[in-house]
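Undergrad:
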């Protein structure tokens with residue numbers, strides 16, 4: 007197989023752009039490392055489009071199995087030089103194997119209130135690392151689905167994937183469609199907005215979370231938008247001690263979602 011070495015190559019340019027900026031269409035994501043690529047192959051509804059590997063990486067046992075499985079799944083296999091992959095990758099030490107994963111189209115018609123777990127709405131959360139960490143906590147806590155409002159970071163941002171540790175593939179967050187509030191209520195879900203500072207909402211320990219609900223989290227600094235706060239059935243806050251005024255939005259998500267999980271399990 008011919009080894010790709012030129013930065014002028016169209017595929018190399020496309021991979022570099024995807025690795026740094028994500029996909030403006032919100033569909034494909036650049037993935038690096040054998041573990042994440044294995045997770046992508048194992049995730050339902052996910053398709054590995056392209057796999058690029060250096061000769062050294064492709065010769066390692068685990069990577070060789072991945073290359074063979076990717077070829078069987080219909081992926082395009084490309085051999086690249088270490089120098090070119092280092093140019094493509096934003097990582098200081100690229101692992102030698104990377105790919106393009108197709109998450110599929112965002113489904114605005116998907117049922118918004120399905121599932122037994124909470125539904126999560128991220129309202130204008132722009133930090134990709136925070137969104138990735140929230141996805142990881144959300145999957146671990148049994149969240150049914152995750153939705154992103156306008157102004158939130160795109161789901162194909164590579165930092166979202168890295169911080170999610172693969173949870174992106176399984177939760178596959180989508181842009182929140184119009185009319186979502188009405189559809190949430192039709193599904194019998196309360197809307198709970200996480201707010202700060204503590205005086206503006208009900209303390210977490212007083213809020214029943216055992217029944218299906220929608221949790222709305224806003225960006226740090228700005229918080230939940232006035233529109234969502236107005237729609238909320240409950241405004242929830244985390245009581246904090248000392249001089250701490252607020253927590254990172256990913257930490258806040260984890261605290262609330264695992265308390266909800268505790269209450270759901272306790273009611274069974």
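Residue numbers (the numbering used here): 7 to 274.
Glycine residues also receive a C-beta, built at the ideal position from the N, C-alpha and C atoms.
(1) With a CB to CB cut of under 8 Å and the five nearest residues on each side skipped, what residues in its chain are close to residue 153?
(2) Taking a contact to mean a Cβ-Cβ separation below 7 Å, would you say residue 191 touches residue 220 in this structure?
(3) Measure the alpha-carbon distance for residue 200 versus residue 216 and round it to whole angstroms.
(4) Who does residue 311 pair with in a DSSP beta bridge?
(5) Could you check the C-alpha separation between residue 257 and residue 214 for me, to the nearest Å?
(6) Report the option in 151, 85, 174 whose CA atom is closest to the CA atom of residue 161.
(7) For residue 52, which three-state DSSP category applies?
(8) Which of helix, strand or coil does DSSP assign to residue 137?
(9) Write down the C-beta distance between residue 259 and residue 144 rounded to the nearest angstrom, noting that I regard them as a contact closer than 8 Å.
(10) Quick check on the DSSP output: the beta strand (DSSP E) that includes residue 108 runs from which residue to which?
(11) By Cβ distance, which residues of its chain are closer than 7 Å to residue 83, with the 5 residues on each side in sequence left out?
(12) Using C-beta distances below 8 Å, list every residue in its chain close to residue 47, excluding the 5 sequence neighbours before and after it, in chain order.
(13) Can you grab the Cα-Cα spacing for the pair residue 95 / residue 40, in whole Å?
(14) Whose C-beta lies closer than 6 Å to the C-beta of residue 226 among residues of the same chain, with five residues either side of it excluded?
(15) Please state whether DSSP places residue 183 in a helix, a strand or coil.
(16) Would you say residue 37 and residue 105 are within 7 Å of each other, going by their C-beta atoms?
(17) Check the DSSP bridge columns for residue 34 and list the partner residues they point to.
(18) First and last residue of the alpha helix (DSSP H) that includes residue 272?
(19) With a threshold of 6 Å on Cβ separation, who are the neighbours of residue 235 within its own chain once the five nearest residues in sequence on each side are excluded?
(20) Taking the Cβ atom as the reference point for each residue, do residue 130 and residue 170 lie within a distance shorter than 7 Å?
(21) Could you check if residue 224 is buried or exposed, using at least 16 other CB atoms within 10 Å of its CB as the buried criterion?
(22) Give the straight-line distance between the Cα atoms of residue 177 and residue 112, rounded to the nearest whole angstrom.
(23) So is residue 69 buried or exposed if we call it buried at 16+ other beta carbons inside 10 Å?
(24) To which residues of the same chain is residue 238 closer than 6 Å at the C-beta, ignoring the five residues directly before and after it?
(25) Mind checking residue 211: buried by the 16 CB within 10 Å criterion, or exposed?
(26) Tell me, to the nearest whole angstrom, how far the beta carbon of residue 52 is from that of residue 109; I am working on the premise that it is less than 8 Å.
TA: Taking the definition as stated:
(1) 118, 125, 126, 127, 128, 179, 180, 181, 182, 186
(2) no
(3) 16 Å
(4) Nothing can be reported for residue 311: it is not among the residues displayed for the chain, which extend from 7 to 274.
(5) 20 Å
(6) 174
(7) coil
(8) helix
(9) 7 Å
(10) 103-108
(11) 57, 73, 76, 77
(12) 54, 72, 75, 76, 79
(13) 15 Å
(14) 255
(15) coil
(16) yes
(17) 108
(18) 255-272
(19) 199
(20) no
(21) buried
(22) 12 Å
(23) buried
(24) 197, 199
(25) exposed
(26) 6 Å
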